[in-house]
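Protein chains in written order, with the numbering used here: chain S, 48 to 218; chain U, 42 to 118. Contents: one structure, followed by commentary.
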Amino acid sequence: MALREDQIQRYSRQILLKEVGGRGQTRLLDAVVTVEGQSQALDVAVAELGASGTPLIVSAAVERTGFLAGTTLEALSPDAVAAPTRAVAGWLGSFSRGAAAPVACFRVGVSAGAIVGVPAHVPWPEHEPSAQPAEPVTAGSLAALIVQRFALGLDASPVTVRWDGHRWQRD
Amino acid sequence: MSHASIDITREVCPMTWVRVKLRLETLEPGDTLEVLLKGDEPLRNLPRNARDEGHHVRSLDRLDDGTTRLVIELRSA
Numbered sequence: 048m049a050l051r052e053d054q055i056q057r058y059s060r061q062i063l064l065k066e067v068g069g070r071g072q073t074r075l076l077d078a079v080v081t082v083e084g085q086s087q088a089l090d091v092a093v094a095e096l097g098a099s100g101t102p103l104i105v106s107a108a109v110e111r112t113g114f115l116a117g118t119t120l121e122a123l124s125p126d127a128v129a130a131p132t133r134a135v136a137g138w139l140g141s142f143s144r145g146a147a148a149p150v151a152c153f154r155v156g157v158s159a160g161a162i163v164g165v166p167a168h169v170p171w172p173e174h175e176p177s178a179q180p181a182e183p184v185t186a187g188s189l190a191a192l193i194v195q196r197f198a199l200g201l202d203a204s205p206v207t208v209r210w211d212g213h214r215w216q217r218d
Numbered sequence: 042m043s044h045a046s047i048d049i050t051r052e053v054c055p056m057t058w059v060r061v062k063l064r065l066e067t068l069e070p071g072d073t074l075e076v077l078l079k080g081d082e083p084l085r086n087l088p089r090n091a092r093d094e095g096h097h098v099r100s101l102d103r104l105d106d107g108t109t110r111l112v113i114e115l116r117s118a
């Protein structure tokens with residue numbers, strides 16, 4: 048699938064990234080992700096995935112509550128609205144604030160994983176020391192990032208990411 | 042080995058590299074892309090961007106009309 052001119056303009060900042068490019072952006076546009084549940088973290092993940100062009104199929108709860116209650120997927124990006132006939136590549140949901148429970152679970156293709164043990168304030172996983180995002184932003188962004196990495200074919204193995212008090216650790 | 046060309050003299054950063062990057066993706070390893078560019082910013086950025094992504098900058102020539110011709114060889118597989 049060739050990128051349209053409006054897509055090249057809209058996603059130019061992503062296409063610039065070495066790991067993305069035109070081929071990677073096409074993969075993001077092809078990776079339909081279903082989203083279930085409702086939480087602040089999920090809102091963040093939906094916003095980041097939608098704006099990056101990933102088509103989303105969201106549950107009624109996601110549409111009814113959170114920030115999507117005040118906007119639409121189409122407002123994030125026309126490409127964020129998944130056609131009902133598209134094959135689903137990934138799933139994102141089951142967010143919980145419990146100490147031991149995962150804050151985000153995802154499945155993309157045959158791979159699956161979880162993000163667990165995120166405390167209230169932790170450094171950004173991409174080594175950005177000035178950023179101290181609150182838990183929902185951290186968990187939601189990390190979930191979106193991991194789904195995107197899977198969609199880009201950067202990592203195809205099951206993964207669990209834990210915050211050990213100092214840094215992100217993969218199990 | 043094939044040779045392609047692209048004129049980005051009407052583009053501004055960052056679209057200059059976006060256009061070149063997308064064109065490079067259509068080529069095979071060892072192919073060359075001739076880029077016609079204008080202005081200091083792409084002149085500074087494009088050779089560096091190409092090298093950062095592993096490509097070889099074959100030549101960089103200022104032309105009489107004020108534009109610059111950059112030739113990039115696509116990295117080997």
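Where is the CB? At the ideal position from N, CA and C, for every residue including glycine. Computed from a predicted structure; not experimentally measured.
Extent of the continuous alpha helix (DSSP H) to which residue i belongs
i        : result
U:Glu75  : No alpha helix (DSSP H) contains U:Glu75, which is instead part of the beta strand (DSSP E) from Thr73 to Leu78.
S:Thr73  : Gly68 to Asp77
S:Val91  : Gln87 to Ala98
S:Ala103 : A small fix is needed here, since residue 103 of chain S is Leu in this sequence, not Ala. First-last for S:Leu103: Leu103 to Val105, but that is the beta strand (DSSP E), not the alpha helix (DSSP H).
S:Arg60  : Ser59 to Ile62
Residue environment, residue i, which counts as buried when at least 16 other CB atoms sit within 10 Å
i        : result
U:Val53  : exposed
S:Ser188 : buried
S:Glu95  : buried
U:Asp93  : exposed
U:His96  : buried
S:Pro131 : exposed
U:Leu87  : buried
U:Arg51  : exposed
S:Gly145 : Its pLDDT being 46, under 50, S:Gly145 is placed unreliably by the model, and the measurement read from it follows with that caveat. So S:Gly145 ends up on the exposed side.
Residue interval of the beta strand (DSSP E) (run including residue i)
i        : result
U:Thr109 : Thr109 to Glu114
U:Asp102 : His97 to Arg103
U:Asp48  : His44 to Asp48
S:Ala222 : Since the first residue of chain S shown is 48 and the last is 218, residue 222 of chain S is not available in this structure.
Residues that DSSP places opposite residue i in a beta bridge
i       : result
U:Val59 : None, per the DSSP bridge assignment.
(message) Between the segment 84-93 of chain S and the segment 48-63 of chain S, can you find at least three pairs of beta-carbon atoms closer than 8 Å?
(response) They do not touch, by the three-pair rule.
(message) For the structure I just gave you, are there three or more beta carbon pairs, one from the segment 65-72 of chain U and one from the segment 101-111 of chain U, closer than 8 Å?
(response) Contact check between the segment 65-72 of chain U and the segment 101-111 of chain U: fewer than three CB pairs, one atom from each, fall below 8 Å, which does not count as touching.
(message) For the pair the segment 62-79 of chain S and the segment 55-69 of chain U, tell me if three or more CB-CB distances fall below 8 Å.
(response) Result yes; three or more Cβ-Cβ pairs closer than 8 Å.
(request) For the segment 52-73 of chain S, enumerate the residues whose C-beta is nearer than 7 Å to any C-beta of chain U, in chain order. (result) Those would be Ile55, Ser59, Ile62, Leu63, Lys65, Gly68, Gly69 and Arg70, in chain order.
(request) For the segment 50-61 of chain U, enumerate the residues whose C-beta is nearer than 7 Å to any C-beta of chain S, in chain order. (result) Taking 7 Å as the upper bound on Cβ-Cβ separation, chain S lies near residues Pro55, Met56, Trp58 and Val59 of the segment 50-61 of chain U.
(message) Can you pull out the residues from the segment 76-107 of chain U whose beta carbon lies closer than 8 Å to at least one beta carbon of chain S?
(response) If the cut-off is 8 Å between Cβ atoms, the segment 76-107 of chain U has Asp93 and Glu94 near chain S.
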